[in-house]
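S.K.: Here it is, the structure in full.
Residue numbers (the working numbering): 36 to 316.
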């Protein structure tokens with residue numbers, strides 16, 4: 036279902052998986068894909084899907100998103116540009132990841148250029164706060180009017196500062212990170228569906244990281260695949276405002292009591308929420 040959307044978020048995180056015969060764990064990966072059109076007034080329900088893979092190779096991404104055409108909002112991992120090279124996906128990069136580089140410098144001690152960069156970035160977020168929930172076209176028009184001049188000025192400022200500093204210091208790395216991804220970072224200006232950052236999927240991964248600490252590890256690759264299925268249901272419940280425990284308890288009870296397979300769509304979290312709201316009304 037998510038692959039049929041025109042805009043997705045993507046990210047990945049590690050999970051420890053028991054490695055039989057070696058007496059220790061290996062590192063597996065949960066790839067996360069999310070859709071949430073509510074910030075621009077889209078009517079499709081939000082959802083999150085996790086897929087387990089034993090590695091982080093770009094081929095996994097190609098397989099997961101086979102047939103997807105549209106905008107993909109991501110961090111700086113180099114597998115995503117390889118997907119975009121195929122011509123069916125346009126990348127939008129994450130301002131939070133770009134901002135983090137400057138924030139770490141600004142909080143470590145006096146860093147006037149990094150601190151000034153944070154002020155530039157804050158101006159974009161102020162505009163986004165004003166237009167959240169408006170239609171994609173309204174957002175695009177406001178961004179054209181307000182965000183584009185800021186982006187042009189910020190890019191020129193970054194290039195000017197880069198020319199003044201040593202290319203071997205962390206500040207130069209932070210600036211080069213931004214400038215090398217500038218097209219993807221500013222794609223939001225021309226597309227009202229795009230967010231400034233990847234926080235939609237980042238927030239869902241926090242739950243995975245907490246589970247990772249509590250569960251210690253998956254017992255096998257198969258167990259990690261089951262982990263991905265449960266995480267998909269739990270995080271999709273949360274993003275739709277459904278209590279995961281109540282949902283899983285009710286849905287499993289319905290399945291045990293013979294809920295027909297042909298009506299399985301009725302048990303998806305957003306359909307469950309709609310039924311619950313209808314019952315209350």
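Heads up, the beta-carbon is just placed ideally off N, CA and C, and yes, glycines get one too. Nothing here was measured: the structure is a model prediction, and the numbers come from that model.
Any chance the CB of residue 208 is under 8 Å from a heavy atom of the ligand SAH?
M.R.: Ligands are entirely absent from the displayed structure, and the ligand SAH is therefore not among its contents.
S.K.: Would you decide whether residue 271 is buried or exposed? Buried here means 16 or more other CB atoms lie within 10 Å of its CB.
M.R.: Residue 271 comes out buried.
S.K.: Can you have a look at residue 182 and say buried or exposed, based on whether 16 or more other CB atoms are within 10 angstroms of its CB?
M.R.: Residue 182 comes out buried.
S.K.: Residues in its own chain within less than 7 Å of residue 215 by CB, not counting five upstream and five downstream?
M.R.: Hits under 7 Å: none found.
S.K.: Please determine if the region 174-190 and the region 124-133 are in contact, where contact requires at least 3 C-beta pairs separated by less than 8 Å.
M.R.: Short answer: they don't touch.
S.K.: Please classify residue 94 as buried or exposed, where buried requires at least 16 other C-beta atoms within 10 Å of its C-beta.
M.R.: Flag for residue 94 reads exposed.
S.K.: If we ignore side chains and look at the alpha-carbon of each, how far apart do residue 141 and residue 149 end up?
M.R.: About 5 Å.
S.K.: Can you check whether the CB of residue 97 is closer than 9 Å to the CB of residue 118?
M.R.: Yes; because the gap between Cβ atoms is below 9 Å, this pair is in contact.
S.K.: Could you tell me the alpha carbon to alpha carbon distance between residue 44 and residue 230, rounded to whole angstroms?
M.R.: Their Cα atoms are separated by approximately 10 Å.
S.K.: So, at 7 Å on beta carbons, what are the nonlocal neighbours of residue 252 in its own chain, with the 5 sequence-adjacent residues on each side left out?
M.R.: These residues qualify, in order along the chain: 51, 52, 53, 60.
S.K.: From the DSSP output, in three-state form, read off residue 226 for me.
M.R.: Of the three classes helix, strand and coil, the one that applies to residue 226 here is coil, per DSSP.
S.K.: Hey, how far is the Cα of residue 197 from the Cα of residue 115?
M.R.: Cα to Cα, residue 197 sits roughly 26 Å from residue 115.
S.K.: Taking only runs that begin and end inside the region 86-133, name each unbroken beta strand (DSSP E) of 3 or more residues, in chain order.
M.R.: Here the runs fully enclosed are 105-109, 124-128.
S.K.: Hey, residue 107 and residue 42: beta-carbon distance below 9 Å or not?
M.R.: Yes, these two residues count as a Cβ contact at 9 Å.
S.K.: Ends of the alpha helix (DSSP H) at residue 183?
M.R.: Unbroken alpha helix (DSSP H) run through residue 183: 183-197.
S.K.: Would you grab the beta carbon distance between residue 219 and residue 128 for me? Rounded to a whole angstrom, and I think it's under 8 Å.
M.R.: Going by Cβ atoms, the distance from residue 219 to residue 128 rounds to 4 Å, so yes, they are a contact pair.
S.K.: Need the endpoints of the beta strand (DSSP E) that residue 51 sits in, please.
M.R.: 42-54 is the extent of the beta strand (DSSP E) around residue 51.
S.K.: By the DSSP assignment, the alpha helix (DSSP H) with residue 75 in it spans what residues?
M.R.: Taken as a continuous stretch (DSSP letters only), residue 75 belongs to no alpha helix (DSSP H), as it is neither H nor E.
S.K.: Just reading off the alpha helix (DSSP H) that residue 289 is part of, what are its end residues?
M.R.: Residue 289 -> alpha helix (DSSP H) spans 279-291.
S.K.: Is the CB-CB distance between residue 74 and residue 305 below 9 Å?
M.R.: Against a cut-off of 9 Å, the Cβ pair of residue 305 and residue 74 comes out as no contact.
S.K.: When the Cα of residue 92 is compared with those of 223, 78, 63, which residue comes out closest?
M.R.: If we check each option's Cα against that of residue 92, 63 comes out closest.
S.K.: Exposed or buried, which one is residue 292 when buried takes at least 16 other CB atoms within 10 Å?
M.R.: It is exposed - the Cβ of residue 292 has fewer than 16 other Cβ atoms within 10 Å.
S.K.: I'd like to know whether the C-beta atoms of residue 155 and residue 188 end up nearer to each other than 9 Å.
M.R.: It is a contact, given that the beta carbons lie within the stated cut-off.
S.K.: Label residue 317 either buried or exposed according to how many other C-beta atoms from any shown protein chain fall within 10 Å of its C-beta, with 16 as the threshold for buried.
M.R.: With the chain running from 36 to 316 in the structure shown, residue 317 is simply not present.
S.K.: Which same chain residues, not among the five before or five after residue 84, have their C-beta less than 6 Å away from its C-beta?
M.R.: Cβ within range, chain order: 37, 68, 267.
S.K.: Figure out for me which residue from 168, 254, 82 has the closest Cα to the Cα of residue 56.
M.R.: Nearest option by C-alpha distance: 254.
S.K.: Would you mind stating whether residue 210 and residue 82 have Cβ atoms separated by less than 9 Å?
M.R.: Contact flag unset, no.
S.K.: If distances are taken between C-alpha atoms only, which option among 49, 135, 166 comes closest to residue 205?
M.R.: Of the candidates 49, 135, 166, the one whose C-alpha sits nearest the C-alpha of residue 205 is 135.
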